[in-house]
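Trainee: The working numbering puts the first residue of the sequence shown at 8, with every later residue one more than the last. From the three backbone atoms N, C-alpha and C, an ideal C-beta is built for every residue, glycine too. Okay, handing you the structure first.
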Amino acid sequence: MAAHIATAMKPKSNNSNSNNNSNCCSNGYSSDVSNGSDNNSPSPPPSPPKPRLTPSLSQCRRRLRSKTKSFVRRENLGSGLNFRRNLRYLLLLPLLYISGLLMCVGPFSGFWGYASVPGSVYRSYENFQRLWDDIRLDNSSALELSSVWKYKRRVKVQKPCPNSTARNHFSMYRTSIMESPGSSGYLIVDANGGLNQQRSAMCLVLTIQVHIWFFYAHICNAVAVAGLLNAILVIPRFELNSVWRDPSQFGDIYDEEHFINNLKGYVNVVRELPEALMERYDQNISNIPNFRVQAWATVNYYLGVVLPILRDQRVIRIAPFANRLTMNVPSHIQLLRCITNYKALKFSTPISSLAGKLVSRMIERSSMTGGKYVSVHLRFEQDMVAFSCCVYEGGEAEKLKMDSFREQEWKGKFKRKDRVIVPALNRIEGKCPLTPVEVGLMLRGMGFDNNTSIYIASGKIYQAEKHLAPLREMFPLLYTKESLATPDELAPFEGHSSKLAALDYTVSLFSEVFVTTQGGNFPQFLMGHRRFLFNGHSKTIKPDKRKLVVLLQDMDISWKAFKDEMEVMLAESDRKGMMVPRVKKFNRKTSIYTYPLPECACLQSSNNSTFRLTEGANVLNSHHESTR
8 MAAHIATAMK
18 PKSNNSNSNN
28 NSNCCSNGYS
38 SDVSNGSDNN
48 SPSPPPSPPK
58 PRLTPSLSQC
68 RRRLRSKTKS
78 FVRRENLGSG
88 LNFRRNLRYL
98 LLLPLLYISG
108 LLMCVGPFSG
118 FWGYASVPGS
128 VYRSYENFQR
138 LWDDIRLDNS
148 SALELSSVWK
158 YKRRVKVQKP
168 CPNSTARNHF
178 SMYRTSIMES
188 PGSSGYLIVD
198 ANGGLNQQRS
208 AMCLVLTIQV
218 HIWFFYAHIC
228 NAVAVAGLLN
238 AILVIPRFEL
248 NSVWRDPSQF
258 GDIYDEEHFI
268 NNLKGYVNVV
278 RELPEALMER
288 YDQNISNIPN
298 FRVQAWATVN
308 YYLGVVLPIL
318 RDQRVIRIAP
328 FANRLTMNVP
338 SHIQLLRCIT
348 NYKALKFSTP
358 ISSLAGKLVS
368 RMIERSSMTG
378 GKYVSVHLRF
388 EQDMVAFSCC
398 VYEGGEAEKL
408 KMDSFREQEW
418 KGKFKRKDRV
428 IVPALNRIEG
438 KCPLTPVEVG
448 LMLRGMGFDN
458 NTSIYIASGK
468 IYQAEKHLAP
478 LREMFPLLYT
488 KESLATPDEL
498 APFEGHSSKL
508 AALDYTVSLF
518 SEVFVTTQGG
528 NFPQFLMGHR
538 RFLFNGHSKT
548 IKPDKRKLVV
558 LLQDMDISWK
568 AFKDEMEVML
578 AESDRKGMMV
588 PRVKKFNRKT
598 SIYTYPLPEC
608 ACLQSSNNST
618 FRLTEGANVL
628 NSHHESTR
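This is the structure we're talking about:
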């Protein structure tokens, strides 16, 4: 390199004057201005050449550094100016977007003379009154509940899961990750949230349905992590939440013995830590240091980060545990989620006993439709209405009431300067909870007549007497757990939101048609359970709310035109209900709790004990057999 540079710095011969600007280095930077040979303007005669001194290597480097720094400064200055200029436009665009929304659908739209955007104004009750005569007289084309679901797909016949093979797989897997035989230690998870989230936490916000199904996910995920780490799982503790105020523990909701026995050979489960470990932490599990795991943690994270700590400490406590395991896990770990959700988790005897009675009573009251009924997950409780920030027909008085309720429950959350609330936009985007009258109009439009039995799965409906009246006019056979059970039967459940939600879940699970109106964990888990139960079909109506709000605001639409649109929406729910995601190895993009197939298919069996809520609940088994 030095020889090359020295050669490059030797004086040039006279026949190379045109290149005398390369006296430093052949690197693209010149140390002197060129001789002007490229300049077309006249120039004076050249001066006699002066003796040239050969620059030293250090001088060449200094010149190169100075020119490089100058170039970098110019580049940085230019890019900085461009960034600031572009940043102004980036900040301006959201402001223009929000101001446009406020002018079109916000409170100032009237000042600009704009008509309301279709779907932005609640006029459903007015439309119900306008169309009621047509609805009342239209029972000629009643939809048979037994023929609602027409979409069929050939489902691959699955053999029952070979327990011995699966358990041998776990034995080999444990040997491969363990340096010595035996377990890695004890795993403790704090299941915080609703019952669905509990189920996923061991498989894996406002009302009781969210409460119960949050824990479903917790439980399934906890079992999966225990299997992954070869840990002994301590039955999860349920924290007393300030919103749900439910003191129920695992054994109050689920059958502990059934849970432990059905996981034998896969994951060891104990009710409490050994006395030696409890003494180390002064008999208080809360004294065990809490390990925070990143959300949607991968298998490699657990094996590389969590497992060494577990081996060293012999016990680890993870909280919070919601969504702390990715959906992409090895097949034998995914199977653990399936076994937990559909085999090991069974409601406790008090819950399953009353739930079985409620299902039997719904079947008895649905004699005109062959014992089949429709269940509706109605999210029109006061907290849900307030949280959505949607506007209905209550006027200024309702707005003030909801503002007060939001401030009381969420302490300034909705008054932050960075929070822009546009109720009309929420409605256009389908974020508003459907009202009872909207659910009724939709179902009557789809062809369900007034002989259809409807079960409402819900908490306390906001202004129930007022809002349920039109729904009851359209569907006189309207039931809730409160109307099906006696006060004495419900008395032990009062103050236990998780237990009440379990009743709603069970009655909805065995309905011929399930209707979801607002999303959340409850319908997602229920749709998955129904897919597992009904050969891959969720048998669920999931309305296109963006389309529905436009139709319900149209005061010129005829009943026939509305029915045509609803029939298309029902057909779309039928098609999507049978969808099975394409799952490649370690590449699942959907929740296994909503789409349990194909991984959980091997557990499907007509005599599977999963479907027996109690040993004596024969009505549920016979109902299941008749729907297969």
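In terms of alpha-carbon separation, which member of C396, T442 and L510 lies closest to F421?
Mentor: Here residue 421 is taken as the residue at index 414 of the sequence shown, counted from 1. Nearest of C396, T442 and L510 to F421, Cα basis: C396.
Trainee: In whole angstroms, what is the alpha-carbon distance linking R372 and D581?
Mentor: Stepping through the sequence shown from its first residue, residue 372 is reached at position 365. Stepping through the sequence shown from its first residue, residue 581 is reached at position 574. Rounded to whole angstroms, R372 to D581 spans 26 angstroms at the Cα level.
Trainee: Taking contact to mean at least 3 C-beta pairs separated by less than 8 angstroms, is the region 338-348 in contact with the region 598-612?
Mentor: As far as the Cβ criterion goes, the region 338-348 touches the region 598-612, which means the pair count is three or higher.
Trainee: Can you tell me whether G234 is buried or exposed, with buried defined as 16 or more other CB within 10 angstroms of its CB?
Mentor: Locating residue 234 in the sequence shown gives position 227, where the first residue counts as 1. Result: buried.
Trainee: Thinking just about the alpha-carbon of each residue, which of F135, A508, R244 and V590 is nearest to the one in L361?
Mentor: By 1-based counting over the sequence shown, the position of residue 361 is 354. Of the candidates F135, A508, R244 and V590, the one whose C-alpha sits nearest the C-alpha of L361 is A508.
Trainee: Counting C-beta neighbours from all protein chains within 10 Å, is the total for A224 16 or more, i.e. buried, or is it exposed?
Mentor: The residue you call residue 224 lines up with position 217 of the sequence shown. A224 should be labelled buried.
Trainee: Drop a sphere of 10 angstroms on the beta-carbon of T407, count the other beta-carbons inside from all chains shown, and report buried for 16 or more, exposed for fewer.
Mentor: Position 400 of the sequence shown, counted from the start, is the residue given in the question as residue 407. The identity of residue 407 in the sequence shown is Leu, whereas the question assumes Thr. Classification for L407: exposed.
Trainee: Using a Cβ-Cβ cut-off of 6 angstroms (strictly less than) and excluding sequence neighbours within five positions of N297, which residues of its own chain qualify?
Mentor: The sequence position of residue 297 within the sequence shown is 290, counting from 1. Around N297: R324 and A326.
Trainee: Closer than 8 angstroms by C-beta to I428: which residues in its own chain qualify, once you throw out the five before and the five after it? Chain order, please.
Mentor: For the purposes of this step, residue 428 is identified with residue 421 of the sequence shown, where counting begins at 1. These residues qualify, in order along the chain: C396 and F421.
Trainee: Got a sec, what are the start and stop residues for the beta strand (DSSP E) L240 sits in?
Mentor: Along the sequence shown, one-based indexing puts residue 240 at 233. Boundaries of the beta strand (DSSP E) harbouring L240: I239 to V241, taken from the DSSP string.
Trainee: Grouping DSSP H, G and I as helix and E and B as strand, with all else coil, what is D636?
Mentor: An answer regarding residue 636 cannot be provided, because it is not within the stretch 8 to 635 covered by the chain.
Trainee: Give the straight-line distance between the Cα atoms of L610 and L352, rounded to the nearest whole angstrom.
Mentor: Sequence index remark: in the sequence shown, residue 610 carries index 603 (1-based). Sequence index remark: in the sequence shown, residue 352 carries index 345 (1-based). Cα to Cα, the separation comes out at about 14 angstroms.
Trainee: Would you report the Cα separation of L448 and R595, rounded to the nearest angstrom?
Mentor: As a working note, residue 448 is residue 441 in the sequence shown. As a working note, residue 595 is residue 588 in the sequence shown. Their backbone Cα atoms lie some 37 angstroms apart in a straight line.
Trainee: Note down the Cα distance separating R321 from G189, rounded to an integer number of angstroms.
Mentor: By 1-based counting over the sequence shown, the position of residue 321 is 314. By 1-based counting over the sequence shown, the position of residue 189 is 182. Going by the C-alpha atoms only, they are around 12 angstroms apart.
Trainee: At the level of alpha carbons, what is the spacing between Q560 and Q525?
Mentor: Taking the first residue of the sequence shown as position 1, residue 560 is located at position 553. Taking the first residue of the sequence shown as position 1, residue 525 is located at position 518. If you take the alpha carbons of Q560 and Q525, they lie about 19 angstroms apart.
Trainee: On the DSSP bridge list, what partners appear for R244?
Mentor: For the purposes of this step, residue 244 is taken as residue 237 along the sequence shown, with counting starting at 1. For R244, which the question treats as bridged, DSSP gives the partners D197.
Trainee: Can you list the alpha helix (DSSP H) stretches of 4 or more residues lying completely in the region 511-576, in chain order?
Mentor: If one requires a minimum length of 4 residues, the alpha helix (DSSP H) runs lying completely within the region 511-576 are 528-540 and 552-560, in chain order.
Trainee: Could you check the C-alpha separation between A231 and G584 for me, to the nearest Å?
Mentor: Your numbering for residue 231 matches position 224 in the sequence shown. Your numbering for residue 584 matches position 577 in the sequence shown. Taking the straight line from one Cα to the other gives about 27 angstroms.
Trainee: How is the alpha helix (DSSP H) around R344 delimited, first residue to last?
Mentor: As a working mapping, residue 344 is identified with position 337 in the sequence shown. Start and end: S338 to I346.
Trainee: Report the rounded CA-to-CA distance for R538 versus Y349, giving the unit in angstroms.
Mentor: In the sequence shown, counting from the first residue as 1, residue 538 sits at position 531. In the sequence shown, counting from the first residue as 1, residue 349 sits at position 342. C-alpha separation (whole angstroms): 12 angstroms.
Trainee: When the Cα of R137 is compared with those of C607, S565 and A578, which residue comes out closest?
Mentor: Here the question's residue 137 lines up with position 130 in the sequence shown. It is S565 whose Cα lies nearest to the Cα of R137.
Trainee: What residue range is occupied by the uninterrupted alpha helix (DSSP H) comprising R321?
Mentor: To locate residue 321, count along the sequence shown from 1; it is residue 314. Neither: R321 is in no alpha helix (DSSP H) and is coded neither H nor E.
Trainee: Return yes when at least one heavy atom of the ligand FMN lies under 6 angstroms from the C-beta of N348, else no.
Mentor: In terms of ligand content, the structure shown is empty, and the ligand FMN therefore cannot be addressed.
Trainee: Indicate the three-state DSSP secondary structure (helix, strand or coil) for I370 in the structure shown.
Mentor: If you number the sequence shown from 1, residue 370 lands on position 363. Reduced to three states, the DSSP call for I370 is helix.
Trainee: So within the region 375-427, which uninterrupted alpha helix (DSSP H) runs reach at least 4 residues, ignoring any that extend past its ends?
Mentor: 389-395 and 402-417
Trainee: By the three-class DSSP mapping on this structure, what secondary structure does A464 have?
Mentor: Within the sequence shown, residue 464 is the residue found at index 457, counting from 1. DSSP places A464 in strand when its eight states are reduced to three.
Trainee: Just to confirm the assignment, what range does the alpha helix (DSSP H) spanning I435 have?
Mentor: Position 428 of the sequence shown, counting from 1, holds the residue named residue 435. Counting along the chain, the alpha helix (DSSP H) containing I435 begins and ends at P430 to I435.
Trainee: Return the residue from the list P530, H339, L540 and Y132 that minimises the CA-CA distance to S382.
Mentor: Against the sequence shown, residue 382 aligns to sequence position 375. Taking the Cα of S382 as reference, the smallest distance to any Cα among P530, H339, L540 and Y132 is reached at P530.
Trainee: Applying the 10 Å Cβ sphere with the 16-neighbour rule, what's the burial state of G272?
Mentor: The count along the sequence shown starts at 1 and reaches residue 272 at position 265. Of the other Cβ atoms in all chains shown, fewer than 16 fall within 10 Å of the Cβ of G272; this residue is therefore exposed.
Trainee: Let me make sure I understand the geometry here. Which of M534, T356 and E519 has the alpha-carbon closest to that of P499?
Mentor: Position 492 of the sequence shown holds residue 499. Nearest C-alpha to P499: T356.
Trainee: I'd like to know whether the C-beta atoms of E416 and G466 end up nearer to each other than 7 angstroms.
Mentor: If you number the sequence shown from 1, residue 416 lands on position 409. If you number the sequence shown from 1, residue 466 lands on position 459. Not closer than 7 angstroms, so no.
Trainee: Is it buried or exposed, G35, if we count other Cβ atoms within 10 angstroms and call 16 or more buried?
Mentor: Within the sequence shown, numbered from 1, the residue matching residue 35 stands at position 28. With a pLDDT of 40 at G35, under the threshold of 50, the predicted position of this residue should be treated as unreliable, though the coordinate-derived value follows. If you draw a 10 Å sphere on the C-beta of G35, you find fewer than 16 other C-beta atoms in it, and that means exposed.
Trainee: Can you tell me where the alpha helix (DSSP H) holding H265 begins and where it ends?
Mentor: Within the sequence shown, residue 265 is the residue found at index 258, counting from 1. First-last of the alpha helix (DSSP H) with H265: E263 to N269.
Trainee: Just the C-alpha distance for E445 and R318, rounded to the nearest angstrom, thanks.
Mentor: Start at 1 with the first residue of the sequence shown, and residue 445 comes out as number 438. Start at 1 with the first residue of the sequence shown, and residue 318 comes out as number 311. If I take the Cα positions, the gap works out to 56 angstroms.
Trainee: Classify A492 as helix, strand or coil using the three-state DSSP reduction.
Mentor: Here residue 492 is taken as the residue at index 485 of the sequence shown, counted from 1. Correct three-state label for A492: coil.
Trainee: Within its chain, find whatever has a CB closer than 8 angstroms to the CB of I316; leave out the 5 residues flanking it on each side and keep chain order.
Mentor: In the sequence shown, residue 316 corresponds to position 309, counting from 1. The residues are F298 and I323.
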